[in-house]
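Peer 1: The numbering used here applies: residue 4 is where the sequence shown begins, and numbers increase by one. Every residue gets a Cβ at the ideal spot worked out from N, C-alpha and C, and that includes glycine.
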Amino acid sequence: MNTKIPKISSFPTGEENTGYAQYFTGKSWLAPLTKNSDLNVPLSNVTFEPGSRNNWHSHTGGQLLIVVGGEGLYQERGKPAIHLKSGDIVEIAPNVEHWHGATSKSWFSHLATNGNPKTNENIWLEPVTDEVYNEANLEIKK
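1. Return the residue from the list Thr106, His113 and Ile95 that minimises the CA-CA distance to Gly65.
2. What whole-angstrom Cβ distance do Leu36 and Leu46 have, given they're in contact under 8 Å?
3. Pull up the distance between the alpha-carbon of Leu87 and that of Leu76, whole angstroms please.
4. Just the C-alpha distance for Lys10 and Ser112, rounded to the nearest angstrom, thanks.
5. For Glu124 versus Trp59, is the C-beta spacing smaller than 8 Å?
6. Helix, strand or coil for Glu129, going by three-state DSSP, please let me know.
7. Could you compute how far the alpha carbon of Ser109 sits from the alpha carbon of Lys30?
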């Protein structure tokens, strides 16, 4: 696979996301965008290589995703996956188990922030199986 990261948005790609690699299948990159902690709005750009996705997880404070490049997938446990494209916004309620990542054929980038960041906890769960991921990719072709 071509390891050169394409420019798919106006936001920086950042560094390889090694700090969270244990919670991802495939590679991702993380670029923190805000620095003023007094604002209480941490915002980062997350970029996924094709096929990359994070594990099932939840956030006690919820999460907001703003798609800025490529094509991705988002799925809540027990629901069908949603195909994401630039401009889409995903509002994730507190404690909802979900995953998100790139489609199998496209790079993907989104801005992410957590609700209630001072008290928010990320609860990391099991990896998304290839079966679940492949089914999500098939759904976007329908």
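Peer 2: Working from what's here:
1. Ile95
2. Between Leu46 and Leu36 the Cβ distance is about 5 Å, and since that is below 8 Å, they are a contact.
3. 6 Å
4. 10 Å
5. no
6. coil
7. Using only the alpha carbons, I get a separation of about 13 Å.
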